[in-house]
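Laid out in structure tokens, this is it:
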């Protein structure tokens, strides 16, 4: 009996310790994701709670409580009245975690630039019965929310799940890394700075000073960072949902390997690039306007919201929202070597440089091979394809040999969406 009681106490203590460690991340996740879904995507709070918080990865979130303040555009999430996390929406900047309700009110006064240039509409082709069958199959998966297929500048097919439309901005998760790659390329060209530049951050000393921009782009910084979602709280979950300064958290990680010698996928690395990008501007207004003025408006992507953290740095690893058509615009920009309707936006040669393998099927913030968890490796018939991929089944597939961009957005447990199968079906229908 004493052994059983002792074992029970250990279980209780262990559970309490786990909750104490996971609670700040879980409440931060609940507040941030709900805030963006409601105030950026325009979704119903009950729908978000019934979908995002009930998939296997989000099951723990069912024991947390959330409160939506529509007037103040804030969300509060807590565990039995403790570990409260706040998130607040700002015009043009999306949602960010706040340290308190007072901090949320302060952050609410911030704003970013809104869309300025009228977008160029897509040409729309007649419906292809074979492609409609492919979309029927894709949407038989309850996790699929949006799909768009574009050839050249023509929209061949698209579909949306109930509650979503061609106007709904959806989270790209790590597809945002590809956008960060583009922004870095644009800014380096403006400044005439090379990717081999070192001594990047004033807080870095010793061997950290030898880290180059190229190391960061190719995920070879050597900095410790655990990109694990199944074990919580990991570095990536703490950075995104329990820290208000995401890039500062990543930049403070210790060096584990000599820079340039070891490949490791790291969202922290991307946010360090955003920290570096921010430091290149004379003021906050110029930094906040940069993605809109230099990229989004130039390709007509009006729905895009790239979110900053509470410290004002764009969370370039994970937090960009755009509707499916605008995600396709970004894919088309890469398909056309960084040129949009005659306007060169990305430096010449930047995309080819980005597609050079760095390790793990990755290039410079672009996937050059389709990972196994989404059905890879790809068929040799489209060996020239490359991809922007995100958590829970987000994808923009760019296939130059077929002049195609294929977008799929959704909510799937890791390993349950087969992108390779979807692409094969699309190609067969065309």
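Numbering (this note's numbering), first residue to last: 586 to 1015.
Glycine included, every Cβ here is placed at the ideal spot set by N, Cα and C.
From a predicted model like this one, the values you see are computed outputs, not experimental measurements.
Query - Selected residue, minimal CA-CA separation from residue 756, among 663, 900, 851, 671 - result: On the chain shown, residue 756 is found 171 positions in, with the first residue counted as 1. It is 900.
Query raised in the report: Are at least three pairs of beta-carbons, each pair with one atom in the region 918-930 and one in the region 893-908, less than 8 Å apart?
Result: no
Query raised in the report: Considering only the beta carbon of each residue, do residue 809 and residue 839 sit closer than 7 Å?
Result: If you number the chain shown from 1, residue 809 lands on position 224. If you number the chain shown from 1, residue 839 lands on position 254. Yes, they are a contact pair.
Requested in this report: Pick out whichever of 798, 764, 804, 772 has its Cα sitting closest to the Cα of residue 972.
Outcome: Against the chain shown, residue 972 aligns to sequence position 387. Per the Cα distances, 764.
Query raised in the report: Which same chain residues, not among the five before or five after residue 700, have their C-beta less than 6 Å away from its C-beta?
Result: What you label residue 700 is simply residue 115 of the chain shown in a count that begins at 1. Closer than 6 Å at the Cβ level, and outside the excluded window around residue 700, lie 887.
**Report entry** Per DSSP, the bridge partner or partners of residue 660
**Finding:** Start at 1 with the first residue of the chain shown, and residue 660 comes out as number 75. 653, 672, per the DSSP bridge assignment.
Query raised in the report: Since residue 826 is in the alpha helix (DSSP H), which residue starts that stretch and which ends it?
Result: Residue 826 sits at position 241 when you count from the first residue of the chain shown. Run containing residue 826: 820-826, per the alpha helix (DSSP H) assignment.
**Report entry** Endpoints, the beta strand (DSSP E) within which residue 971 is located
**Finding:** Against the chain shown, residue 971 aligns to sequence position 386. Segment 971-975, the beta strand (DSSP E) holding residue 971.
Report task. Report the option in 706, 991, 805 whose CA atom is closest to the CA atom of residue 926. Result -> What you label residue 926 is simply residue 341 of the chain shown in a count that begins at 1. That would be 706, whose Cα lies nearest to the Cα of residue 926.
**Report entry** CB contact flag (residue 683, residue 671, <7 Å)
**Finding:** What you label residue 683 is simply residue 98 of the chain shown in a count that begins at 1. What you label residue 671 is simply residue 86 of the chain shown in a count that begins at 1. In this structure, residue 671 lies closer than 7 Å to residue 683 by Cβ.
Query raised in the report: What residue from 780, 811, 873 has the CA that sits closest to residue 938's CA?
Result: Within the chain shown, the letter at position 353 stands for residue 938. The residue with the shortest Cα to Cα distance from residue 938 is 780.
Query raised in the report: What residue does the alpha helix (DSSP H) around residue 692 start on, and which one ends it?
Result: Counting from one through the chain shown, the residue named residue 692 turns up at place 107. It spans 686-692 - the alpha helix (DSSP H) in which residue 692 sits, taken as one unbroken run.
Requested in this report: Given a cut-off of 7 Å, decide if residue 913 and residue 813 are closer than it, judged by their beta-carbon atoms.
Outcome: Position 228 of the chain shown, counted from the start, is the residue given in the question as residue 813. Position 328 of the chain shown, counted from the start, is the residue given in the question as residue 913. No, they are not a contact pair.
Query raised in the report: Going straight from the alpha carbon of residue 761 to that of residue 807, what length do you get?
Result: Taking the first residue of the chain shown as position 1, residue 761 is located at position 176. Taking the first residue of the chain shown as position 1, residue 807 is located at position 222. Taking the straight line from one Cα to the other gives about 22 Å.
Requested in this report: Compare the Cα-Cα distances from residue 612 to each of 788, 669, 744, 983 and report the closest residue.
Outcome: Reading the chain shown from its first residue, position 27 is the one you call residue 612. Among 788, 669, 744, 983, the Cα nearest to that of residue 612 belongs to 669.
Query raised in the report: Are the Cβ atoms of residue 801 and residue 858 separated by less than 7 Å?
Result: Translated into the one-based positions of the chain shown, residue 801 becomes position 216. Translated into the one-based positions of the chain shown, residue 858 becomes position 273. Taking 7 Å as the Cβ cut-off, residue 801 and residue 858 qualify as a contacting pair.
**Report entry** Alpha carbon of residue 655 to alpha carbon of residue 673, nearest angstrom
**Finding:** Your numbering for residue 655 matches position 70 in the chain shown. Your numbering for residue 673 matches position 88 in the chain shown. Roughly 10 Å between the two C-alpha positions.
Requested in this report: Please classify residue 1001: does DSSP put it in a helix, a strand, or coil?
Outcome: Residue mapping note: residue 1001 aligns to position 416 of the chain shown, counting from 1. In this structure, residue 1001 counts as coil in the three-state DSSP scheme.
**Report entry** Whole-number beta carbon distance between residue 848 and residue 975, since they are thought to touch under 8 Å
**Finding:** Here the question's residue 975 lines up with position 390 in the chain shown. Here the question's residue 848 lines up with position 263 in the chain shown. Going by Cβ atoms, the distance from residue 975 to residue 848 rounds to 20 Å, so no, they are not a contact pair.
Report task. Look at the alpha carbon of residue 1018 and the alpha carbon of residue 966, and state the distance between them as a whole number of angstroms. Result -> For residue 1018 there is no data in the structure shown, the boundaries of the chain being 586 and 1015.
Query raised in the report: Under a Cβ-count criterion, where at least 16 other Cβ atoms within 10 Å of its own Cβ denotes burial, should residue 638 be classed as buried or exposed?
Result: Along the chain shown, one-based indexing puts residue 638 at 53. With 16 or more Cβ atoms within 10 Å of its Cβ, residue 638 is classed as buried.
Report task. Would you identify the three-state DSSP class for residue 928, choosing helix, strand or coil? Result -> What you label residue 928 is simply residue 343 of the chain shown in a count that begins at 1. Note: residue 928 maps to strand in three-state DSSP.
Query raised in the report: Can you tell me whether DSSP reads residue 984 as helix, strand or coil?
Result: For the purposes of this step, residue 984 is taken as residue 399 along the chain shown, with counting starting at 1. Strand at residue 984.
Requested in this report: Using the Cα positions of residue 649 and residue 667, report the straight-line distance between them to the nearest angstrom.
Outcome: For the purposes of this step, residue 649 is identified with residue 64 of the chain shown, where counting begins at 1. For the purposes of this step, residue 667 is identified with residue 82 of the chain shown, where counting begins at 1. So the two alpha carbons sit approximately 10 Å from each other.
Query raised in the report: In terms of residue numbering, what span does the alpha helix (DSSP H) encompassing residue 909 cover?
Result: The residue you call residue 909 lines up with position 324 of the chain shown. Where residue 909 is concerned, the enclosing alpha helix (DSSP H) stretches over 909-920.
Requested in this report: Specify, as a first and last residue, the run of the alpha helix (DSSP H) that residue 938 falls within.
Outcome: Start at 1 with the first residue of the chain shown, and residue 938 comes out as number 353. Taken as a continuous stretch (DSSP letters only), the alpha helix (DSSP H) holding residue 938 covers 935-939.
Report task. Tell me, to the nearest whole angstrom, how far the beta carbon of residue 946 is from that of residue 1005; I am working on the premise that it is less than 8 Å. Result -> Here residue 946 refers to the residue found at position 361 when the chain shown is read from its first residue. Here residue 1005 refers to the residue found at position 420 when the chain shown is read from its first residue. Actually they do not touch by this definition, with Cβ atoms about 13 Å apart.
Query raised in the report: Of all the options 804, 869, 621, 983, which has the alpha carbon lying nearest to the alpha carbon of residue 737?
Result: Counted from its first residue, the chain shown places residue 737 at position 152. Of 804, 869, 621, 983, the residue nearest in Cα terms is 983.
Report task. Closer than 7 Å by C-beta to residue 643: which residues in its own chain qualify, once you throw out the five before and the five after it? Chain order, please. Result -> As a first step, residue 643 is located in the chain shown; it is residue number 58 there, counting from the start. Residue confidence for residue 643 is low, a pLDDT of 49 falling below 50, so the modelled location carries little weight and cannot support an answer.
Report task. Would you list the one or two residues that DSSP bridges to residue 680? Result -> To locate residue 680, count along the chain shown from 1; it is residue 95. In the DSSP output, where bridge partners are listed per residue, residue 680 has 674.
Report task. Answer with buried or exposed for residue 696, where buried requires no fewer than 16 other C-beta atoms within 10 angstroms of its C-beta. Result -> Walking along the chain shown from the start, residue 696 turns up at place 111. Label assigned to residue 696: exposed.
Query - Where residue 979 falls: helix, strand or coil (DSSP) - result: The sequence position of residue 979 within the chain shown is 394, counting from 1. Residue 979: strand per DSSP, three-state reduction.
Query raised in the report: Nearest to residue 723 by alpha carbon, out of 713, 735, 708, 746?
Result: Locating residue 723 in the chain shown gives position 138, counting from the first residue. If we check each option's Cα against that of residue 723, 746 comes out closest.
**Report entry** Option in 909, 659, 708, 716 with minimal Cα separation from residue 1015
**Finding:** Against the chain shown, residue 1015 aligns to sequence position 430. Checking every option, the nearest Cα to that of residue 1015 belongs to 716.
Query raised in the report: Thinking just about the alpha-carbon of each residue, which of 883, 980, 1009 is nearest to the one in residue 730?
Result: Locating residue 730 in the chain shown gives position 145, where the first residue counts as 1. Here the closest residue by C-alpha is 980.
Query raised in the report: In chain order, what residues of the same chain have a beta carbon less than 8 Å from the beta carbon of residue 866, not counting five sequence neighbours either side?
Result: Indexing the chain shown from 1 puts residue 866 at position 281. These residues qualify, in order along the chain: 872, 875.
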